[in-house]
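Residue numbers (the UniProt record's numbering): 1 to 186. From the three backbone atoms N, C-alpha and C, an ideal C-beta is built for every residue, glycine too.
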């Protein structure tokens, strides 16, 4: 089909020509939109809107195309997409109140989860032997293995093994706690 046939077909609402034109152009529009922060649904919307705009220009504005209708149409699609992107950035689709309430709920939920995690950790930590508590406390304070070994009167190799076992034991205790099971569901 040449430009003149397409223009006449679109102007007259010829379904065959419209469908053929759509099928030939959608791949280019989709590729452009996908490469510019969009998705397939956006591309299909842009395609529909652009065909309507082209139809209005040809039908009601007595617009004459000088050159390729394909190039002109692609220009319409690009402009439609860029306008849509600008509007998305200027006018977020979510309402301010909706965002505020969700943010407040998330903050509260995070706070409560953190408090439960702290409680779970403290409760589990207290179930460790005194020696394991001392090793892990010094480790969490940022002491080196050598410093911990000197403080507790062991050699460094033994402290590394003991620290590893203490952490493993703490994790086991935490994972067996019913609170951990609840937190793991979130």
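Around the Cβ of residue 157, a 10 Å sphere holds fewer than 16 other Cβ atoms; the residue is exposed. Rounded to whole angstroms, the separation of the alpha carbons of residue 118 and residue 48 is 54 Å. In the structure shown, residue 45 falls within a helical segment according to DSSP collapsed to helix, strand and coil. Between residue 128 and residue 162, the CB-CB gap reaches or exceeds 8 Å.
In the three-state scheme derived from DSSP, where H, G and I count as helix and E and B as strand, residue 128 is classed as coil. DSSP places residue 37 in the coil class of the three-state scheme, outside both helix and strand. Residue range 156-176 is occupied by the alpha helix (DSSP H) that includes residue 169. Residue 10: member of the alpha helix (DSSP H) spanning 3-12, first to last residue. For residue 118, the three-state secondary structure derived from DSSP is helix. Spanning the alpha carbons of residue 33 and residue 72 requires a straight line of approximately 17 Å. Check the Cα spacing between residue 178 and each of 56, 146, 59, 123: the tightest is with 123. With a cutoff of 8 Å on beta-carbon distance, residue 6 and residue 69 are scored as near each other.
In this structure, the alpha-carbon of residue 138 lies about 58 Å from that of residue 43. Within the same chain, Cβ atoms closer than 8 Å to the Cβ of residue 149 are found at 155, 156, 158, 159, the five residues on either side in sequence being excluded. Taking the Cα positions, residue 120 is about 26 Å away from residue 145. Counting along the chain, residue 148 sits inside the alpha helix (DSSP H) bounded by residues 145-152. Looking at 66, 59, 115, the one whose alpha-carbon comes closest to that of residue 180 is 115. Taking 8 Å as the cut-off, the Cβ atoms of residue 17 and residue 58 do not count as close.
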